[in-house]
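Encoded as structure tokens, the structure appears first; notes follow it.
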Amino acid sequence: MSELTGHYVDVDGTRIYYEETGQGPPFFCIHTAGACSIEYYELLPLIADAGYRAIAVDLPGHGKSYPVDWGPFRQMREYSAFTWDIIQEVCEQEPIVMGCSIGGNMVTDMACHYSDDIEAALALEGAAHTPTFPDVNTYEHPHACPGWRDIMERAAEQSMYRPVSEEKVTETRWMHRYAPQEVATGDLECWVNHDVRDKLSDISCPFMLFKGEADYYVPDDVMESTIADVPDEHGEFIVGDEMGHYPMFEDPESLADISLDFLARNGVA
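Per numbering that gives the first Met the number 0, the sequence shown runs over residues 0 to 268.
Here it is as structure tokens:
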């Protein structure tokens, strides 16, 4: 943790925060719904040790980043495009991009739209289309769902691989206190309306679709149909043993090994 340094950058008039460690090609990480860059604090040094500049961002309205125009994003395409602007501002060369959950969906969107400018896309716990939560916007106002924080935190820890230590459970719940209720529900709106099924054939960079075996948020058939439409020479579907919805936090060492092996096999420095 002592290796991580924090920075602010202005992106289209919005103050955005990110953390980084190491030097080399940029390896840019995107967190899950309602959380922040802290999810990657154990993974970043491992990636840096492999020769990368490892970066994790607080998405707009999360952690230390201000929201764009003081409100949440509600469409994944717009959310992804703004995050791509962050990447362009922070990275001096073509990045490797990793994201988990809404970050995994976002990385899938980026691979569909910006493949020519991406070294590799590593989508964790995401897919091309994930309409798995109905009517999420009904939870946005605190009066509509006064127990939102407890719902969000419990949903997070329930999707982890078991057995898991009580310390990890407590820490995972804490990680989901870094975005206001309206921003977290906006994240889930973007999760629901995300749909790039008609763009998967445009992916031309190495694309890893990853799922922890215990994650029930993204059904196997959704992930299998996603990878089936990615050109064979670019896409690979990997299932991680003894991991759930948060592989970068549950087992950062194994995820680092899997990711670095994928990059090496695909000729990415």
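All residues carry an ideal CB built from backbone N, CA and C; glycine is no exception.
Q) In the stretch 115–167, which residue ranges form an unbroken alpha helix (DSSP H) of at least 4 residues, counting only runs that do not cross its ends? A) 147–157
Q: Identify, in the order they occur along the chain, each residue of the same chain with its Cβ nearer than 7 angstroms to the Cβ of D240, setting aside the five sequence neighbours on each side.
A: Looking up residue 240 in the sequence shown gives position 241. So the qualifying residues of the chain are E212.
Q | Cα-Cα separation, S100 to G21 | A | Here residue 100 is taken as the residue at index 101 of the sequence shown, counted from 1. Here residue 21 is taken as the residue at index 22 of the sequence shown, counted from 1. Between the alpha carbons of S100 and G21 lies a distance of about 25 angstroms.
Q | Span of the alpha helix (DSSP H), counted from its first residue to its last, around D108 | A | Taking the first residue of the sequence shown as position 1, residue 108 is located at position 109. From DSSP, the alpha helix (DSSP H) with D108 extends over 101–113.
Q.
Whole angstroms are fine: how far does the CA of I15 sit from the CA of V238?
A. As a working mapping, residue 238 is identified with position 239 in the sequence shown. As a working mapping, residue 15 is identified with position 16 in the sequence shown. Going from the Cα of V238 to the Cα of I15 covers about 32 angstroms.
Q) Does DSSP classify Y177 as helix, strand or coil? A) Locating residue 177 in the sequence shown gives position 178, counting from the first residue. Coil, per DSSP.
Q. Which residues in the same chain as E139 place their Cβ atom closer than 6 angstroms to its Cβ, once the five residues preceding and following it in sequence are excluded?
A. As a position in the sequence shown, residue 139 is number 140, starting the count at 1. Answer for E139: E181, T184, listed in chain order.
Q) To the nearest angstrom, how far is it from the Cα of F209 to the Cα of D256? A) One-based indexing of the sequence shown puts residue 209 at position 210. One-based indexing of the sequence shown puts residue 256 at position 257. Between F209 and D256, the C-alpha separation is close to 13 angstroms.
Q.
Which residue wins for smallest C-alpha separation from L273, given the options P24, G33, E19, C35?
A. Residue 273 is absent from the structure shown; the chain starts at 0 and stops at 268.
Q: On a CA-only basis, which of T4, G98, D48 is nearest E252? Give me that one, please.
A: Residue numbering aside, residue 252 sits at position 253 when the sequence shown is read from its first letter. When only C-alpha atoms are compared, the closest one is D48.
Q | Cβ neighbour criterion (16 or more within 10 Å) applied to I150 | A | If you number the sequence shown from 1, residue 150 lands on position 151. Exposed, since its Cβ has fewer than 16 Cβ neighbours within 10 Å.
Q) At a cut of 8 angstroms, does the stretch 194–209 reach the stretch 152–159 through at least three beta carbon pairs? A) no
Q | Best match in D219, D220, D228, D194 for proximity to F206 [C-alpha to C-alpha] | A | Locating residue 206 in the sequence shown gives position 207, where the first residue counts as 1. In terms of Cα proximity to F206, the closest of D219, D220, D228, D194 is D228.
Q: Could you please give me the residues that DSSP links to C28 through a beta bridge?
A: For the purposes of this step, residue 28 is identified with residue 29 of the sequence shown, where counting begins at 1. In the DSSP output, where bridge partners are listed per residue, C28 has A55, M97.
Q: Mind the definition here: the stretch 78–86 touches the stretch 106–119 only if three or more C-beta pairs lie below 8 angstroms; say whether that holds.
A: Yes, the stretch 78–86 is in contact with the stretch 106–119.
Q. Can you name the start and end residues of the beta strand (DSSP E) that M75 belongs to?
A. Taking the sequence shown and counting its residues from 1, the one referred to as residue 75 is at position 76. Annotation: M75 is outside any beta strand (DSSP E); the continuous alpha helix (DSSP H) that includes it extends over 75–89.
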